[in-house]
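Comments concern the structure below.
2 protein chains.
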Amino acid sequence: MSQAIEKKVIGYVKKAQNASKQMVLVSMSVKNAVLKKMARALLANKAYLLRENKKDLKAAASQNYPSALVDRLVLNDKRIAGMSECLLDTAKIKDPVGTVIKKFKNADDLNIEKVRTPIGVVGIIYESRPNVTSDCIGLCLKSGNAVVLKGGKEAIYSNKAIFKICQDVLKKSKIPVDAIQLIDSTDRAATSTLLKQDNYVDVIVPRGGEGLINYVVGHSRIPVIKHAAGICHTYVSNKADLKKAKDICINAKIQRPGVCNAMETLLVHKAVAKKFLPSVCDVLIDAGVELRGDQKTRAIIKGVKPAKASDWDTEYLDMILSIKVVENTNEAIAHINDHGSAHSDAIVTKDKKEGDLFLSAVHSACVYVNASTRFTDGYAFGFGAEVGISTDKLHARGPMALEELTTYKYAVRGVGQIRK
Amino acid sequence: MSQAIEKKVIGYVKKAQNASKQMVLVSMSVKNAVLKKMARALLANKAYLLRENKKDLKAAASQNYPSALVDRLVLNDKRIAGMSECLLDTAKIKDPVGTVIKKFKNADDLNIEKVRTPIGVVGIIYESRPNVTSDCIGLCLKSGNAVVLKGGKEAIYSNKAIFKICQDVLKKSKIPVDAIQLIDSTDRAATSTLLKQDNYVDVIVPRGGEGLINYVVGHSRIPVIKHAAGICHTYVSNKADLKKAKDICINAKIQRPGVCNAMETLLVHKAVAKKFLPSVCDVLIDAGVELRGDQKTRAIIKGVKPAKASDWDTEYLDMILSIKVVENTNEAIAHINDHGSAHSDAIVTKDKKEGDLFLSAVHSACVYVNASTRFTDGYAFGFGAEVGISTDKLHARGPMALEELTTYKYAVRGVGQIRK
Chain A
6 MSQAIEKKVI GYVKKAQNAS KQMVLVSMSV KNAVLKKMAR ALLANKAYLL
56 RENKKDLKAA ASQNYPSALV DRLVLNDKRI AGMSECLLDT AKIKDPVGTV
106 IKKFKNADDL NIEKVRTPIG VVGIIYESRP NVTSDCIGLC LKSGNAVVLK
156 GGKEAIYSNK AIFKICQDVL KKSKIPVDAI QLIDSTDRAA TSTLLKQDNY
206 VDVIVPRGGE GLINYVVGHS RIPVIKHAAG ICHTYVSNKA DLKKAKDICI
256 NAKIQRPGVC NAMETLLVHK AVAKKFLPSV CDVLIDAGVE LRGDQKTRAI
306 IKGVKPAKAS DWDTEYLDMI LSIKVVENTN EAIAHINDHG SAHSDAIVTK
356 DKKEGDLFLS AVHSACVYVN ASTRFTDGYA FGFGAEVGIS TDKLHARGPM
406 ALEELTTYKY AVRGVGQIRK
Chain B
6 MSQAIEKKVI GYVKKAQNAS KQMVLVSMSV KNAVLKKMAR ALLANKAYLL
56 RENKKDLKAA ASQNYPSALV DRLVLNDKRI AGMSECLLDT AKIKDPVGTV
106 IKKFKNADDL NIEKVRTPIG VVGIIYESRP NVTSDCIGLC LKSGNAVVLK
156 GGKEAIYSNK AIFKICQDVL KKSKIPVDAI QLIDSTDRAA TSTLLKQDNY
206 VDVIVPRGGE GLINYVVGHS RIPVIKHAAG ICHTYVSNKA DLKKAKDICI
256 NAKIQRPGVC NAMETLLVHK AVAKKFLPSV CDVLIDAGVE LRGDQKTRAI
306 IKGVKPAKAS DWDTEYLDMI LSIKVVENTN EAIAHINDHG SAHSDAIVTK
356 DKKEGDLFLS AVHSACVYVN ASTRFTDGYA FGFGAEVGIS TDKLHARGPM
406 ALEELTTYKY AVRGVGQIRK
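Residue numbers (my numbering), protein chains in the order written: chain A, 6 to 425; chain B, 6 to 425.
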């Protein structure tokens, strides 16, 4: 059984690598036309998609999955339209392949160009959201890569249906059909085999919870770009515009609490805590947010639960917020660097110098002055669709979109130069 | 024993991470002054360095190491001067930290800057060359990183001496002394412990032979940037200037055969093979190069050994060359993409279109038209000193110098924007 899975997975990645070698030669107009056809095909096959999705939902119901997971699993008219739009958006974005990043002459008069090229074969390992299947097919093809997809077992019927629709489009196109591969085995052995194929797969992008990320990091021979937790902070300085601070905090916490760029911890300067906390906490409590605070917070706001040490290191992804009153900006920065996940953190302040200090001293992928951390994503940054938000430091940090799906080569033109 | 080593290594990486947090705040002038002092200190302590190096050489003699390894191990006046100069060169290069890579506004009018920042803690695992110790200390400090060094056991006395000299300079400086760490244990357990410290170390750069690289890739939880083999090709087209082709091939093979950017395989178009091969092979044979060829080559040049299938996949790092006569440019490109290591490959041609095709179709880090592959290094590219030549595709490809020792963050300035 396990050996059969191994053979199958190795077959997939070999095909993907062969296809990736031809992908470099596919023109931008062909790629865009294919993405648009896929977008239309998803809408045209809505009934089929909903039917297959129901099988996943039925299985989920019998498994007693948490409701947040089941919610991510659901396909409906709006979500299918969203998947279709994502492909259309990706078709519209400029292809980064071929872009000259820089151009220079060396001391020997060689003309050196640093040029963007596709990475090759991208492996994506993800959990319950079926839209990742079509989003990543679009992004990887557009950037000239082949893609090997391994979705969660809870979404297997939905993923297979989306994949089949995209594959049928490829069959009638000039893009090699093998450029997209879906590992349809739900066995762990499939993942562990995939992670060993460093001769065929160039990068693995795991999107998901701690367990998945941890497993991938511990077992992969292939370079990994993690898409892990967001423990995001907002720090309200004593120099903040408190009206703006309130809007920003409420937005960062409750506009969409289940995503990685939502605020999990609020830090407030002690000089404004008594004025600021009551007004913002009223709104949060009314919205149903559970507050957990340090002693100083609890002295100001009645009914706040005591925060445990572990609260400062927790990604709730839920209607829960931890609150701490700090002595000064340095304490806020130190708290963020110690307890955050280097994802997205914000300061609210009218003092430019303080804002600049925060921007340089906080070691996170995205650091904000006077804005909600919710802006950390490829779409909001203007990059179009995204593979996700990288929480790693190498190659791709923060929103990972088309440009981050490329690498580069040096193209060197000489007139016979030799090394002295 | 093993537990004591584990504790020690964890102590080193924790200290390095703490120091790295302070490194961001060290000014460029302080960093440059420290590098210059280290350069002077290496020269001033030459006698001490030579004495310690002798201990390594004595141990090597008793171990029957291969002569190439022993050669790499030797310190002498010239090499110590070279190490000193490398630090001075690194002091001269512009610090990439703080550079704005790009600057843009998003649809919500947020001002977004993509800014270079240090990576954090860089782990370097290397083999016998002691100069790597001071080269990497210079590069990592200059780019605002802390560095954890793990050299080969065959160079332990030399590495400890170089490290001590650099550490003594740091003790009298404003750079935290913990920013450089040398793992002085020669036990494998030290390396395996280091590779598990993904909470403290941000990247591992292994420089060395296949065994080392393979071990690191198989055991690291930390992102790895490999510095592995170079199976480099030169292809002489039927449209080549054969005089230039001869100079380029001789340079690529014999100017320094033991390095990763030296030519290992020569490909020649069948239409020029009879004219080209005799003249170039004369020089190579006179220089002592052993030739291994396919049947067509052996029909032209007497005394060429038959190349085995494995020859096309071998990095000789020695005075050996494999030669193959090809039907056309496409066969040459396919051979390079199949058998090369995507390091450095060259075409010699007068035809611009053919050159451009080669540049785009060969999937290597550095692709050359009419120049020797020997130019692939940080110094020759004008990047100053280098950590090495990355054979990976992510983050750093080809020469890995100061810029590649940085990552980036997004610094976002708003006026109270929230996500709709």
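Where is the CB? At the ideal position from N, CA and C, for every residue including glycine.
Per-residue DSSP class, three states only, for residue i
i, result
"Tyr384(B)", "helix"
"Lys128(B)", "Correcting the residue type first, residue 128(B) is Gly in the shown sequence and not Lys. Residue state, collapsed to three classes: strand."
"Arg212(B)", "strand"
"Ser395(A)", "strand"
"Glu159(B)", "helix"
"His224(B)", "helix"
"Ala292(B)", "coil"
"Lys414(A)", "strand"
"Asp350(A)", "strand"
"Gly421(B)", "strand"
"Gly263(B)", "coil"
"Asn342(A)", "helix"
"Arg402(A)", "coil"
"Leu217(A)", "helix"
"Arg56(A)", "helix"
Exposed unless 16 or more other CB atoms sit within 10 angstroms - verdict on residue i
i, result
"Asn136(A)", "buried"
"Pro101(A)", "buried"
"Phe109(A)", "exposed"
"Arg56(A)", "exposed"
"Glu159(A)", "buried"
"Pro71(B)", "exposed"
"Asn333(A)", "exposed"
"Val309(B)", "buried"
"Gln422(A)", "buried"
"Arg379(A)", "buried"
"Lys414(B)", "buried"
"Arg261(A)", "exposed"
"Val417(B)", "buried"
"Pro311(A)", "exposed"
"Arg77(A)", "buried"
"Arg424(A)", "buried"
"Ala314(B)", "exposed"
"Val420(B)", "exposed"
7 Å CB neighbourhood of residue i in its chain, flanking five on each side removed
i, result
"Ala278(B)", "Lys301, Ile305, Val330"
"Gly213(A)", "Tyr131, Glu132"
"Tyr53(B)", "Ala166"
"Asn111(A)", "Ile117"
Other residues of its chain near residue i: CB distance less than 8 Å, five sequence neighbours each side excluded
i, result
"Lys165(B)", "Glu57, Leu187, Asp189"
Beta-carbon contacts of residue i that lie in its chain and below 6 Å, excluding the five residues immediately before and after
i, result
"Ile10(A)", "Ser190, Asp192, Ala194, Ala195"
"Val105(A)", "Glu118, Val120"
"Ile180(A)", "Val31, Val39"
"Pro228(B)", "Val208"
"Cys245(A)", "According to the sequence displayed, residue 245(A) carries Ala and not Cys. Answer for Ala245(A): Val353, Thr354, listed in chain order."
"Val374(B)", "Ile352, Gly360"
Beta-carbon neighbours of residue i, restricted to chain C and to distances below 8 Å
i, result
"Lys26(A)", "Here chain C cannot be found, since the structure's protein chains are A and B."
Exercise. Would you check if there are 3 or more beta carbon pairs closer than 8 Å linking the region 353 to 364 of chain B to the region 293 to 311 of chain B?
Key: no
Practice problem: Below 9 Å between beta carbons is the criterion; list the residues of the region 130 to 154 of chain A that meet it against any residue of chain B, in chain order. | Solution: none
Practice problem: Using a Cβ-Cβ cut-off of less than 9 Å, list which residues of the region 246 to 277 of chain A approach chain B; keep chain order. | Solution: Asp246, Lys248, Lys249, Ala250, Asp252, Ile253, Ile255, Asn256, Ala257, Gln260, Arg261, Asn266
Practice problem: Return the residues of the region 367 to 390 of chain B that lie within a Cβ-Cβ distance of less than 7 Å from chain A, sorted by chain order. | Solution: Ser369, Ala370, Cys371, Val372, Tyr373, Val374, Asn375, Ala376, Ser377, Arg379, Phe380, Ala385, Phe386, Gly387
Quiz item: For the region 330 to 346 of chain A, which residues have a beta carbon sitting closer than 8 Å to at least one beta carbon of chain B?
Solution: Asn342
Self-check item: chain B contacts made by the region 389 to 420 of chain A, where a contact means CB separation under 9 Å
Solution: Asp397, Lys398, Leu399, His400, Ala401, Arg402, Gly403, Pro404, Thr412, Tyr413, Lys414, Tyr415, Ala416, Val417, Arg418, Gly419, Val420
Self-check item: Residues of the region 204 to 234 of chain B whose Cβ lies closer than 8 Å to any Cβ of chain A, in chain order
Solution: Asp207, Val208, Val222, Gly223, Arg226, Pro228, Val229, Ile230
Self-check item: Residues of the region 98 to 112 of chain B whose Cβ lies closer than 9 Å to any Cβ of chain A, in chain order
Solution: Gly103, Phe109, Lys110, Asn111, Ala112
Quiz item: Can you find at least 3 beta carbon pairs, one from the region 372 to 390 of chain B and one from the region 15 to 24 of chain B, that sit closer than 8 Å?
Solution: no
Quiz item: Using 8 Å as the threshold, is the region 364 to 382 of chain B in touch with the region 262 to 274 of chain B, meaning 3 or more CB pairs across them?
Solution: yes
Quiz item: Is there contact here, the region 197 to 206 of chain A with the region 125 to 136 of chain A, by at least three beta-carbon pairs under 8 Å?
Solution: yes
Quiz item: Quick one: any contact between the region 334 to 347 of chain A and the region 398 to 412 of chain B, if contact means 3 or more CB pairs under 8 Å?
Solution: no
Quiz prompt | Near-chain B residues of the region 61 to 80 of chain A (beta-carbon distance less than 9 Å), N- to C-terminal order | solution = none
Quiz item: Taking three-plus beta-carbon pairs below 8 Å as touching, is the region 132 to 150 of chain B in contact with the region 83 to 101 of chain B?
Solution: yes
Practice problem: Mind the definition here: the region 248 to 258 of chain A touches the region 269 to 289 of chain A only if three or more C-beta pairs lie below 8 Å; say whether that holds. | Solution: yes
Quiz item: Are the region 18 to 30 of chain A and the region 210 to 226 of chain A in contact at 8 Å, needing three or more beta carbon pairs?
Solution: no
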